[in-house]
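Asks: Read top to bottom, the protein sequences are chains A and B.
According to my numbering, the first sequence is numbered sequentially starting from 117.
According to my numbering, the second sequence is numbered sequentially starting from 117.
First, the structure itself, so that you have it in front of you.
2 protein chains.
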Amino acid sequence: MPDNRQMLIAALPSGPLQTSNFEMQTTPAPEPADGQVLCRTLAITIGAGQRAGLQGSASYAGAPQIGGVMGGTGVAQVETSRAQGFAAGDLVMAPTGWQDYSLHHADALQPVPAGTAPALQLGGLGVNGITAYFGLLDIGAPKEGETVVVSAAAGSVGHLVGQIAKLQGCRVVGVAGSPAKCALLTDELGFDTAVNYKDADFRAAFKAATPDRIDVYFDNTGGDVLGSAIFRMNIKGRIVCCGAVSQYDTANPAPGPRGIPGLLVNNRVRMEGFLVFDYADRYAEARAQLREWIEAGQITLKLSEYHGLDAAPQAFVDLLGGATTGATIVHI
Amino acid sequence: MPDNRQMLIAALPSGPLQTSNFEMQTTPAPEPADGQVLCRTLAITIGAGQRAGLQGSASYAGAPQIGGVMGGTGVAQVETSRAQGFAAGDLVMAPTGWQDYSLHHADALQPVPAGTAPALQLGGLGVNGITAYFGLLDIGAPKEGETVVVSAAAGSVGHLVGQIAKLQGCRVVGVAGSPAKCALLTDELGFDTAVNYKDADFRAAFKAATPDRIDVYFDNTGGDVLGSAIFRMNIKGRIVCCGAVSQYDTANPAPGPRGIPGLLVNNRVRMEGFLVFDYADRYAEARAQLREWIEAGQITLKLSEYHGLDAAPQAFVDLLGGATTGATIVHI
Chain A
117 MPDNRQMLIA ALPSGPLQTS NFEMQTTPAP EPADGQVLCR TLAITIGAGQ RAGLQGSASY
177 AGAPQIGGVM GGTGVAQVET SRAQGFAAGD LVMAPTGWQD YSLHHADALQ PVPAGTAPAL
237 QLGGLGVNGI TAYFGLLDIG APKEGETVVV SAAAGSVGHL VGQIAKLQGC RVVGVAGSPA
297 KCALLTDELG FDTAVNYKDA DFRAAFKAAT PDRIDVYFDN TGGDVLGSAI FRMNIKGRIV
357 CCGAVSQYDT ANPAPGPRGI PGLLVNNRVR MEGFLVFDYA DRYAEARAQL REWIEAGQIT
417 LKLSEYHGLD AAPQAFVDLL GGATTGATIV HI
Chain B
117 MPDNRQMLIA ALPSGPLQTS NFEMQTTPAP EPADGQVLCR TLAITIGAGQ RAGLQGSASY
177 AGAPQIGGVM GGTGVAQVET SRAQGFAAGD LVMAPTGWQD YSLHHADALQ PVPAGTAPAL
237 QLGGLGVNGI TAYFGLLDIG APKEGETVVV SAAAGSVGHL VGQIAKLQGC RVVGVAGSPA
297 KCALLTDELG FDTAVNYKDA DFRAAFKAAT PDRIDVYFDN TGGDVLGSAI FRMNIKGRIV
357 CCGAVSQYDT ANPAPGPRGI PGLLVNNRVR MEGFLVFDYA DRYAEARAQL REWIEAGQIT
417 LKLSEYHGLD AAPQAFVDLL GGATTGATIV HI
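Listed below in structure tokens is the structure:
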């Protein structure tokens, strides 16, 4: 069997993630048993939510194991199939983890149409795209003319949320962490305006950017931006709780935002958490619509691409540190 | 014209409310102009939410005026009518405020069936009852067999929420502030169990009282009880944000609860604020059902009754201090 490079969790981070939290090992690739499919990873995607899975406490991302292979979703090519429905050469999406080869039962594999670029599949039609689609349209339910605000707006989910909201006829405000990201949002991605949450006058700028207040706030960050948005919600506004990236890469999560529950009551605001996995039976619908929008040029896909499995830890550190835009993809 | 005793706001409270925040004056009762109805107040009800209206900042209860008559809902008898649809002697529910006589346009009056006891109308079919009804059934949407937790459970809204939840086939846990209140809930009102939030081991007791976790948390308090409940919610649980009484009677509201938004995401929890006024077109439905339940003995109405307009400030102080149970009624 060929060599299988694996990126292991060497230590759980107690503060900001470092590349030293990972270490590479090489073992022989496994052999598929009856009913199994051996896949060779072509590319993986990294999402900020995976940092929550390294907290060591209960999390939707599952409990991590020191010495275990770092988890994650990839696009892979079937190397050897001993399961019905898959043949060598097929493209699949799978929980490959950060490694060259992985074994799966057929029901863990999602077929990917031949010829699809792994980066499109992972960065536009992957978990981030589906999350943006259902979180905004199903939980946020924006109406034409409403104001939609999204945090981590230059991120993998956020940059799609804003563009989907524009397609619904909404006024869209992005919150991001640098002037370059804000410029990306307004100049390339069609956001109406953008605010840098690291600016000293963020609260005033945020207020000025939302003159008609906020109907849908799509929250990827929690923390201060959520705290500001709660004070700007319109009556019957909706807060889509998608993630809390401001709280992941730290040992000391902040207390909750002020104004809860008082402002939720006064303004009849709904705040709802969701996980995309609850929409598994509707993924195909989301992927078809996203693909159509992307191929028609109505949505611009932003990617931060890295090359080589050994670049994955740095890609993850960059992502958490705010150095990436769009979806983070590592070509293996 | 007869004398009109009026209880005025003498000063806005800067900490816990005191009776000295009010003062009585006596003026001649006003005379109705064409289209107006002069009403004589029979009884008023006081709700904890009115304390929020005295914060001096924007609030759903409206901005209070020093020197103005304290606002509030009462049952009154029509003294003189110069409006169609009302005649002297009719019973009405109206925003009477804390005074003997008040003037209203007809559209501010809700007819009350002749012979209805003011305390039933205000304490069972009033804002508290309707709030309990829509907040639980519409926002909380409990299903048979689910666990419903209510805070301020011995209060005007809470004691009805728990009993309505029992009628839906739910397991009901009340949170209240004294052993006597807890005993009231379990021994008289049919709650399955009750927990005293002032106990040193509250968190452990709360956990023990919710072995199947919480499907619907009806929050009247905010603060620590909300903070505890967020950690006990089941997947797809609903938090009904009805009030924040723990935060009203203070100059220093607490920071928001920890775990927001992280726990809302992980457990796909919906947290939704509401105001009963949004249900105005369905009040009749709620009143008819509540009246049926009360008259059939399926719901036990608890009242804390006071006598005389000059007792109203003390009644309000008692209510905020946790010395009352059920609905607080002042017979004028």
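From the three backbone atoms N, C-alpha and C, an ideal C-beta is built for every residue, glycine too.
When the Cα atoms are used, what is the spatial distance from Ala269 of chain A to Pro429 of chain A?
Replies: Position 153 of the first sequence, counted from the start, is the residue given in the question as residue 269 of chain A. Position 313 of the first sequence, counted from the start, is the residue given in the question as residue 429 of chain A. The straight-line gap from Cα to Cα measures roughly 23 Å.
Asks: Could you compute how far the alpha carbon of Gly442 of chain B sits from the alpha carbon of Ile346 of chain A?
Replies: Taking the first residue of the second sequence as 1, we reach residue 442 of chain B at position 326. Taking the first residue of the first sequence as 1, we reach residue 346 of chain A at position 230. Computed Cα separation, rounded: 32 Å.
Asks: Taking Ile246 of chain A as the reference, which of A:Ser130, A:Val277, A:Asp328 has the closest Cα?
Replies: Counting from 1 along the first sequence, the entry for residue 246 of chain A is found at position 130. Here the closest residue by C-alpha is A:Val277.
Asks: Give me, in chain order, the residues of the same chain whose beta-carbon lies closer than 6 Å to that of Lys418 of chain B; leave out the 5 immediate sequence neighbours on both sides.
Replies: In the second sequence, the residue the question calls residue 418 of chain B occupies position 302. So the qualifying residues of the chain are His275, Thr441, Gly442.
Asks: Can you list the residues of chain A that Ile448 of chain B reaches, using a CB-CB cut of under 8 Å?
Replies: Position 332 of the second sequence holds residue 448 of chain B. Ordered by position in chain A, no residue passes the 8 Å Cβ test against Ile448 of chain B, which lies about 29 Å from the chain.
Asks: So that I know if they touch, is there some Cβ in chain A lying closer than 8 Å to that of Phe347 of chain B?
Replies: The count along the second sequence starts at 1 and reaches residue 347 of chain B at position 231. Judged by the 8 Å Cβ criterion, Phe347 of chain B is not in contact with chain A.
Asks: Is it the case that the Cβ atoms of Gln141 of chain A and Gln122 of chain A are separated by a distance below 8 Å?
Replies: Within the first sequence, numbered from 1, the residue matching residue 141 of chain A stands at position 25. Within the first sequence, numbered from 1, the residue matching residue 122 of chain A stands at position 6. Yes, the pair counts as a contact, with Cβ atoms nearer than the cut-off.
Asks: Got a sec: is the Cβ-Cβ distance from Asn383 of chain A to anything in chain B below 8 Å?
Replies: Locating residue 383 of chain A in the first sequence gives position 267, where the first residue counts as 1. Chain B, which has a Cβ nearer than 8 Å to the Cβ of Asn383 of chain A, makes this yes.
Asks: The alpha helix (DSSP H) with Ala345 of chain B in it runs from where to where?
Replies: Translated into positions along the second sequence, residue 345 of chain B becomes position 229. 339 to 346 is the span of the alpha helix (DSSP H), which, as asked, contains Ala345 of chain B.
Asks: What does Pro371 of chain A reach in chain B if we use C-beta pairs closer than 7 Å?
Replies: In the first sequence, the residue the question calls residue 371 of chain A occupies position 255. Neighbours of Pro371 of chain A on chain B, chain order: Pro371, Gly372, Arg374.
Asks: Three or more C-beta pairs closer than 8 Å, one from the segment 372 to 385 of chain B and one from the segment 371 to 388 of chain A: is that the case here?
Replies: Touching, per the Cβ criterion.
Asks: Please work out which residues of its chain come closer than 7 Å, Cβ to Cβ, to Lys297 of chain A, disregarding the five sequence neighbours upstream and downstream, and give them in chain order.
Replies: Locating residue 297 of chain A in the first sequence gives position 181, counting from the first residue. Counting only Cβ-Cβ distances below 7 Å, and skipping sequence neighbours, we find Ala270, Thr441.
Asks: Please report the straight-line C-alpha distance between Tyr395 of chain B and Phe250 of chain B, rounded to a whole angstrom.
Replies: The residue given as residue 395 of chain B occupies position 279 in the second sequence. The residue given as residue 250 of chain B occupies position 134 in the second sequence. Taking the straight line from one Cα to the other gives about 8 Å.
Asks: Grab me the residues of Tyr333 of chain A's own chain with a C-beta within less than 6 Å of its C-beta, minus the 5 sequence neighbours each way, in chain order.
Replies: Position 217 of the first sequence, counted from the first residue, corresponds to residue 333 of chain A. For Tyr333 of chain A, where only same-chain residues beyond five positions count, the Cβ hits under 6 Å are Val265, Ala345, Ile355.
Asks: Please determine, among A:Ala248, A:Lys314, A:Arg329, A:Ala257, the residue with the shortest C-alpha to C-alpha distance to Val341 of chain A.
Replies: The sequence position of residue 341 of chain A within the first sequence is 225, counting from 1. Ranking the options by Cα distance to Val341 of chain A, first place goes to A:Lys314.
Asks: Which residues of chain A have a Cβ atom closer than 8 Å to the Cβ of Phe390 of chain B, listed in chain order?
Replies: Mapped onto the second sequence, residue 390 of chain B falls at position 274. What Phe390 of chain B touches in chain A: Val381, Arg384.
Asks: From this set, A:Lys323, A:Asp335, A:Arg319, which residue's C-alpha is nearest Ala248 of chain A's C-alpha?
Replies: Residue 248 of chain A sits at position 132 when you count from the first residue of the first sequence. Among A:Lys323, A:Asp335, A:Arg319, the Cα nearest to that of Ala248 of chain A is on A:Asp335.
Asks: Check for me: the alpha helix (DSSP H) holding Cys155 of chain B runs from which residue to which?
Replies: Walking along the second sequence from the start, residue 155 of chain B turns up at place 39. Element bounds for Cys155 of chain B: not the alpha helix (DSSP H) but the beta strand (DSSP E), 152 to 162.
Asks: Would DSSP call Leu417 of chain A helix, strand or coil?
Replies: The residue labelled residue 417 of chain A in the question sits at position 301 within the first sequence. Reduced to three states, the DSSP call for Leu417 of chain A is coil.
Asks: Interface residues of chain B around Asp335 of chain A at Cβ under 7 Å?
Replies: Residue numbering aside, residue 335 of chain A sits at position 219 when the first sequence is read from its first letter. Going along chain B in sequence order, the residues near Asp335 of chain A (Cβ under 7 Å) are Pro377.
Asks: Could you have a look at Ala320 of chain A and say whether DSSP puts it in helix, strand or coil?
Replies: The residue labelled residue 320 of chain A in the question sits at position 204 within the first sequence. Here Ala320 of chain A sits in helix by DSSP.
Asks: Pop quiz: Ser267 of chain A and Thr337 of chain A are said to be a contact at Cβ under 8 Å. What is the actual Cβ separation, rounded to whole angstroms?
Replies: The residue given as residue 267 of chain A occupies position 151 in the first sequence. The residue given as residue 337 of chain A occupies position 221 in the first sequence. Contact flag correct, Cβ pair sits at about 4 Å.
Asks: Which whole-angstrom value describes the C-beta separation of Ala164 of chain B and Leu436 of chain B, a residue pair presumed to lie in contact below a C-beta threshold of 8 Å?
Replies: Within the second sequence, residue 164 of chain B is the residue found at index 48, counting from 1. Within the second sequence, residue 436 of chain B is the residue found at index 320, counting from 1. Right, their Cβ atoms sit about 6 Å apart.
Asks: Check the Cβ-Cβ distances between Ala268 of chain A and every residue of chain B, and say whether any is below 8 Å.
Replies: By 1-based counting over the first sequence, the position of residue 268 of chain A is 152. Ala268 of chain A does not count as touching chain B.
Asks: So, using beta-carbon positions, are Ala235 of chain A and Ala210 of chain A closer together than 8 Å?
Replies: To locate residue 235 of chain A, count along the first sequence from 1; it is residue 119. To locate residue 210 of chain A, count along the first sequence from 1; it is residue 94. Not a contact, by the Cβ cut-off of 8 Å.
Asks: Scan the segment 283 to 323 of chain B and note each continuous alpha helix (DSSP H) run of 4 residues or more that stays entirely inside, going in chain order.
Replies: For the segment 283 to 323 of chain B, whole alpha helix (DSSP H) runs of length 4 or above, ordered along the chain, are 295 to 299.
Asks: How would you label Asp331 of chain B, buried or exposed, when you count the other beta carbons within 10 angstroms and need 16 or more for buried?
Replies: By 1-based counting over the second sequence, the position of residue 331 of chain B is 215. With 16 or more other Cβ atoms within 10 Å, it is buried.
Asks: Which stretch, first to last residue, makes up the alpha helix (DSSP H) that contains Thr401 of chain B?
Replies: As a working note, residue 401 of chain B is residue 285 in the second sequence. One point to set straight first is that residue 401 of chain B is Glu, not Thr, in the sequence displayed. Note, Glu401 of chain B: alpha helix (DSSP H), 399 to 411.
Asks: Specify whether the segment 148 to 155 of chain B and the segment 186 to 202 of chain B touch according to this definition: at least 3 beta carbon pairs, one from each stretch, less than 8 Å apart.
Replies: Cβ pair count under 8 Å is three or more, so yes.
Asks: Which residues of chain B have a Cβ atom closer than 9 Å to the Cβ of Asp254 of chain A, listed in chain order?
Replies: By 1-based counting over the first sequence, the position of residue 254 of chain A is 138. Neighbours of Asp254 of chain A on chain B: none; closest Cβ ~12 Å, over 9 Å.
Asks: Within 10 angstroms of its Cβ, does Ala404 of chain B collect 16 or more other Cβ (buried), or is it exposed?
Replies: In the second sequence, residue 404 of chain B corresponds to position 288, counting from 1. Ala404 of chain B should be labelled exposed.
Asks: Am I right that Gly239 of chain B and Ile445 of chain B are in contact with their C-beta atoms under 8 Å? What's the rounded C-beta distance?
Replies: Here residue 239 of chain B is taken as the residue at index 123 of the second sequence, counted from 1. Here residue 445 of chain B is taken as the residue at index 329 of the second sequence, counted from 1. The Cβ separation is near 6 Å, so the contact holds.
Asks: Can you pull the chain A neighbours of Gln226 of chain B, defined as C-beta to C-beta under 7 Å?
Replies: Here the question's residue 226 of chain B lines up with position 110 in the second sequence. Simply none; closest approach about 22 Å.
Asks: On a CA-only basis, which of A:Gln363, A:Ala230, A:Leu379 is nearest Gln363 of chain B? Give me that one, please.
Replies: Sequence index remark: in the second sequence, residue 363 of chain B carries index 247 (1-based). Closest by alpha carbon: A:Leu379.
Asks: Check for me: the alpha helix (DSSP H) holding Gln237 of chain B runs from which residue to which?
Replies: For the purposes of this step, residue 237 of chain B is identified with residue 121 of the second sequence, where counting begins at 1. Counting along the chain, the alpha helix (DSSP H) containing Gln237 of chain B begins and ends at 234 to 239.
Asks: According to DSSP, simplified to helix, strand and coil, what is Leu170 of chain B?
Replies: For the purposes of this step, residue 170 of chain B is taken as the residue at position 54 of the second sequence. Three-state DSSP puts Leu170 of chain B in coil, outside helix and strand.
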